[in-house]
Amino acid sequence: MKKLVLLIYILGITSTGFCQLKSRTFEEIDSLQQIQKRKIIVFIHTDWCQFCQRMKTTTFKDQGIIEKLNSDFYFVDFNAEEKREIRFNNHTFKFQPSENNVGVHELALQLGTINNQIAYPILCVLNDKNEIIFQYNNYLALKDFKALLENLEK
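Quick note on the working numbering: the sequence shown kicks off at 72 and runs consecutively.
This is the structure:
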């Protein structure tokens, strides 16, 4: 009887539409674009940025946002202080240390620099040719992010 109740509970959770946000790597996107062309949404953040963390726990936890991102876009959750080399769009990008093992990744600079500066969080949207079509460097509340997604679909 306990197993039956547990099974019904699990089926109930999965049938309510609960799903996880699929975050892709830049390397995956190069391959995925050959299969199906989509716009790419890159969320550039750091671990120390409070607004970045708030977006992760609010905006990117909304089921409507998750479903829209998973079905219509390729989403990349990118830490600007990532230390591994990244191959994307036929280029290799590396971490650029500044002092005491801190620094910023070249790809974060490439995608997130607005008016010669970088400020987190950054939302960068690329078209299916990996060209930047939109950049925004500030916290985006849920309703504003939903409006942005609607505009990107046009």
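Just so you know, even glycine gets a beta-carbon here, dropped at the ideal spot from N, CA and C.
Remember, predicted model here, so these are calculated numbers, not experimental data.
Stretch pair the segment 126 to 137 + the segment 155 to 163: three plus CB contacts closer than 8 Å: Segments in contact, no.
Candidates L219, L178, A212 and E221: which alpha carbon is nearest N201's? Here residue 201 refers to the residue found at position 130 when the sequence shown is read from its first residue. For the residues L219, L178, A212 and E221, the minimum Cα distance to N201 belongs to L178.
Given 8 Å, three or more beta-carbon pairs between the segment 187 to 206 and the segment 113 to 122: yes
Tell me, please, which residues DSSP counts as bridged to Y191. Start at 1 with the first residue of the sequence shown, and residue 191 comes out as number 120. Answer is none; Y191 lacks a bridge partner.
Reduced DSSP category for L197 - H, G, I as helix; E, B as strand; rest coil: Here the question's residue 197 lines up with position 126 in the sequence shown. L197 falls in the strand class under three-state DSSP.
Which residue comes first and which comes last in the alpha helix (DSSP H) that contains D215? Mapped onto the sequence shown, residue 215 falls at position 144. Segment L213 to L223, the alpha helix (DSSP H) holding D215.
Just how far apart, CA to CA, sit F97 and V147? As a working note, residue 97 is residue 26 in the sequence shown. As a working note, residue 147 is residue 76 in the sequence shown. A direct Cα-Cα distance of roughly 7 Å separates F97 from V147.
Less than 8 Å between the C-beta atoms of N150 and L92, yes or no? Here residue 150 is taken as the residue at index 79 of the sequence shown, counted from 1. Here residue 92 is taken as the residue at index 21 of the sequence shown, counted from 1. Not a contact, by the Cβ cut-off of 8 Å.
In three-state terms, what does DSSP make of Q107? For the purposes of this step, residue 107 is taken as residue 36 along the sequence shown, with counting starting at 1. Of the three classes helix, strand and coil, the one that applies to Q107 here is coil, per DSSP.
From which residue to which residue does the alpha helix (DSSP H) around E177 run? Position 106 of the sequence shown, counting from 1, holds the residue named residue 177. Here the alpha helix (DSSP H) through E177 covers E177 to G183.
For C90 and E138, what's the separation of their Cα atoms in angstroms? Within the sequence shown, the letter at position 19 stands for residue 90. Within the sequence shown, the letter at position 67 stands for residue 138. Roughly 7 Å between the two C-alpha positions.
Might you give, ordered along the chain, the residues of its own chain that have their beta carbon closer than 8 Å to the beta carbon of G135, omitting 5 neighbours on each side? The residue given as residue 135 occupies position 64 in the sequence shown. Cβ neighbours of G135 beyond the five flanking positions: K217.
Looking at the unbroken alpha helix (DSSP H) that takes in F122, where does it start and where does it end? Position 51 of the sequence shown, counted from the start, is the residue given in the question as residue 122. Looking at the DSSP string, the run of the alpha helix (DSSP H) that includes F122 is Q121 to T128.
Proximity of I203 and L182 at Cβ, strictly below 8 Å: Sequence index remark: in the sequence shown, residue 203 carries index 132 (1-based). Sequence index remark: in the sequence shown, residue 182 carries index 111 (1-based). Cβ atoms of I203 and L182: closer than 8 Å.
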